[in-house]
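Step one of this worksheet: look at the structure below.
Residue numbers (the working numbering): 812 to 1128.
Here it is, written out as C-alpha cells:
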C-alpha cells in the first residue's frame, strides 16, 4: 500500500505539472494568434485547472468506476467551495462583483440542482444514472454557459493582448508534454486509489470524495490562494465558481458519453451539502460587508468541511 500512496503522489504531481504545461503552451499559442488575455483566462486557464478532473474521470468512467467519477466531481466542488474559498477568504476577505452575485453563483446553484435531478432520474429515466441523454443536456448547458461567458467578455473594455516570445517548437513541446503528464498522472491516481480502497476495505465513493477530489483540486487551490494573497478577488472566487460549473456541465457530460454513470443514492447528502454551501455563499453576500465573503464566513466554510470530512470517515469505520 505504501507503493500505491507514493504512486498517487507521483500521479498528482504529473497532473499538476501537466495542466500547467498545457496552459502555458496553449496560452502562448493563443497569444501568437492575437487572442486576448481575458479570453485565455476564461477558457484555456479554466479548462487547465479542470483538466486533472477530466482525465481522472475519463479513465474511471472507461473502467466502469462510477463512484469515483461522481465522488471526484461532487468532492472537488465541495473542496473548492468550502476549503479553497475558506482559505482564500481567511487570507483576505473576498469582494465579489455584482454580476457574480446575481448571475454566476445562481448559475452554479442551478447546475448542482440539475445534477441532483438527473442523477435521481426525476426527469427522463427510471434508472438512477447519468445517461448519455443526460450528458447531452449537460453538454448543451455547458455550451450555453460558454456563450454567456463570451457575451460578458465582449462587454469588457480594453482587452489587452500581451506579446509572446516563444518558438513553435517550445509551444508544441509544452502542449504535448502537458497532455502526456495528464494522461500518465490520471492513470496512476485512478489505479492506485482503487488499490488503496480495496486494501483498506473502504468504498470507492469515499476515496473519490476525499483523496482524489482534494488532489485534482490542487490547481484551483494554488490559483485562488495566490490570487487572495495578491488581493485579486475576481480570480479567487471566479476560479472556484467557474470550476464548479465546468466540473458538472463539461466533465460529467464527457464521462457519461464514455459510459453511463451509475448514480449511488448515497451521493444525495453530498450534493445537498454542495447546494447548501452554494446557497450560504449567496446569502453571505448580503450579511456583514455586502458583496464580500468576510473572514468569519470563510472560517465557517472551513469548519463545516472539517466536521463533514470527519463524519464521512466515521461512517466508513
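Each residue gets a CB set at the ideal place from its N, CA and C atoms; glycine is no exception.
For residue 866, the uninterrupted alpha helix (DSSP H) segment begins and ends at 857-873. For residue 932, the three-state secondary structure derived from DSSP is coil.
With fewer than 16 other CB atoms across the displayed protein chains lying within 10 angstroms of its CB, residue 1042 is exposed. Here DSSP, grouped into helix, strand and coil, assigns residue 1072 to strand. In the DSSP assignment, residue 1030 falls within the unbroken alpha helix (DSSP H) covering 1029-1040. Contact between the stretch 1069-1088 and the stretch 875-887 is present, with at least three C-beta pairs closer than 8 Å. Segment contact: the stretch 889-904 against the stretch 1112-1122, three or more CB-CB distances shorter than 8 Å; contact assigned. Distance from residue 830 to residue 859 at the Cβ level is roughly 5 Å; contact confirmed, criterion being Cβ atoms closer than 8 Å. DSSP, read as helix, strand or coil, puts residue 905 in strand. Counting along the chain, residue 985 sits inside the alpha helix (DSSP H) bounded by residues 979-1011. With contacts defined by Cβ atoms closer than 8 Å, residue 819 and residue 1000 form a contacting pair. A distance below 6 Å between beta-carbons, with the five flanking residues on each side excluded, links residue 985 to the following residues of its chain, in chain order: 832, 835 and 836. A direct Cα-Cα distance of roughly 35 Å separates residue 920 from residue 988.
Annotated as proximal: residue 996 and residue 826, with beta-carbon spacing under 8 Å.
The continuous alpha helix (DSSP H) containing residue 1015 extends over residues 1015-1018.
Rounded to whole angstroms, residue 1095 and residue 912 show a C-alpha spacing of 10 Å.
Under DSSP, residue 1103 shares a beta bridge with 906.
Using a Cβ distance threshold of 8 Å, residue 1048 and residue 861 do not count as a contacting pair. Per DSSP, reduced to three states, the secondary structure at residue 947 is helical. For residue 1085, the enclosing alpha helix (DSSP H) stretches over residues 1078-1095.
If you draw a 10 Å sphere on the C-beta of residue 937, you find fewer than 16 other C-beta atoms in it, and that means exposed.
Straight-line spacing of the CA atoms in residue 922 and residue 1090 works out to 12 Å.
Beta bridge pairing from DSSP links residue 940 with 1073. In this structure, residue 1106 places its C-beta atom within 8 Å of the C-beta atom of residue 901. Membership of residue 1057 in the alpha helix (DSSP H) is indicated by the continuous run 1044-1057. Proximity to residue 828 across 843, 931, 992 and 889 peaks at 992, based on C-alpha coordinates.
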